[in-house]
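In what follows, a single structure is set out as structure tokens and then discussed.
In the numbering used here, the protein residues as written are 4 to 280.
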């Protein structure tokens, strides 16, 4: 992954924010193909037990290490939420060797075949999600006590979606975008924030959740839910997620959705919830 995609000095542009005392987000700029501004975000959750779970790790800067220590310092789970969000796993695993690595089917094999100095061949995945292996009790009792999990294997990227029950938060990577990524680009230069302006205005219009969001609904229906030719499986996953009583959505790409999260989710996934064929 080129330096054009990931910021060379993440500490200078990272936005660190407590959504609640137990949930911390690390938001950074990230451009797909070096053009499309999508943003990136890690979420650190402190379980009821005090153990920390890190969803979609980003760069482990000194400030981030200090924040982890402030939250108790016991990192128990490092979660790659799909086959794309994994590049910083090894950095975190080296710093917190007792943490369990969690990811979707196919990711261990993908990492083994990549030639990237940031990926360690010594990493061992303690739990790999698949259609037949998706019960969070298989990770641990403390994990299952705080999280519901849906494995969206029908998504092209094989998404792991978490529902943090104590604070009614949905945490996800590529299932739902919320463009534009305002927070994630709030600390970059004006020049970078405005680069490829026309293309990104079109991109934002395509994946926004505000208004009627008709374009976003079509992207979900015709692209994401049909990517693995298993729309019925995708619909079932969306319906399962909709059954959770969440009030906040923390996406990897775009701003956090607070207050009206369920309304936004049902708008974007309306056709899936209605099980249109």
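From the three backbone atoms N, C-alpha and C, an ideal C-beta is built for every residue, glycine too.
Whole-angstrom distance between residue j and residue i, CA atom to CA atom
| i | j | result |
| --- | --- | --- |
| residue 89 | residue 106 | 9 Å |
| residue 272 | residue 191 | 32 Å |
| residue 28 | residue 59 | 10 Å |
| residue 152 | residue 164 | 6 Å |
| residue 100 | residue 237 | 35 Å |
| residue 15 | residue 33 | 14 Å |
| residue 257 | residue 141 | 31 Å |
| residue 24 | residue 220 | 33 Å |
| residue 125 | residue 201 | 43 Å |
| residue 22 | residue 255 | 14 Å |
| residue 44 | residue 156 | 22 Å |
| residue 177 | residue 203 | 18 Å |
| residue 276 | residue 150 | 22 Å |
| residue 281 | residue 47 | Only positions 4 to 280 of the chain appear in the structure, and residue 281 is not among them; the question remains open. |
| residue 83 | residue 69 | 22 Å |
| residue 139 | residue 160 | 20 Å |
| residue 278 | residue 224 | 11 Å |
| residue 80 | residue 148 | 14 Å |
Assumed close pair residue i, residue j - CB separation to whole angstroms, cut-off 8 Å
| i | j | result |
| --- | --- | --- |
| residue 56 | residue 91 | The Cβ separation is near 15 Å, so there is no contact. |
| residue 186 | residue 52 | With 8 Å as the limit, residue 186 and residue 52 do not qualify as a contact, their Cβ atoms being about 29 Å apart. |
Candidates the options, of which the one nearest residue i by Cα
| i | options | result |
| --- | --- | --- |
| residue 227 | 179, 113, 46 | 179 |
| residue 199 | 30, 19, 266, 41 | 41 |
| residue 137 | 162, 118, 125 | 162 |
| residue 215 | 171, 269, 166 | 269 |
| residue 19 | 54, 71, 265, 39 | 71 |
| residue 252 | 246, 263, 243, 242 | 263 |
| residue 120 | 217, 172, 93 | 93 |
| residue 104 | 85, 118, 116 | 85 |
| residue 38 | 243, 246, 195 | 195 |
| residue 274 | 249, 64, 217, 259 | 217 |
| residue 87 | 182, 158, 67 | 158 |
Any chance you could list the alpha helix (DSSP H) runs of at least 4 consecutive residues sitting entirely within the segment 109 to 189, in chain order? List check, alpha helix (DSSP H) in window: 110 to 115, 144 to 149.
Are there three or more Cβ pairs, one per stretch, closer than 8 Å when the segment 130 to 142 is compared with the segment 96 to 111? Taking 8 Å as the limit for Cβ pairs, the verdict is that the segment 96 to 111 does touch the segment 130 to 142.
Runs of alpha helix (DSSP H) lying entirely within the segment 60 to 107, each at least 4 residues, in chain order: The segment 60 to 107 is shown to contain whole alpha helix (DSSP H) runs of 4 or more residues at 65 to 73, 92 to 98, in chain order.
Would you mind listing the beta strand (DSSP E) stretches within the segment 15 to 46 that are 3+ residues and don't spill past its ends, in chain order? Here the runs fully enclosed are 18 to 23, 26 to 31.
In chain order, which alpha helix (DSSP H) runs of at least 4 residues are fully inside the segment 198 to 258? The segment 198 to 258 is shown to contain whole alpha helix (DSSP H) runs of 4 or more residues at 200 to 209, 217 to 221, 234 to 245, in chain order.
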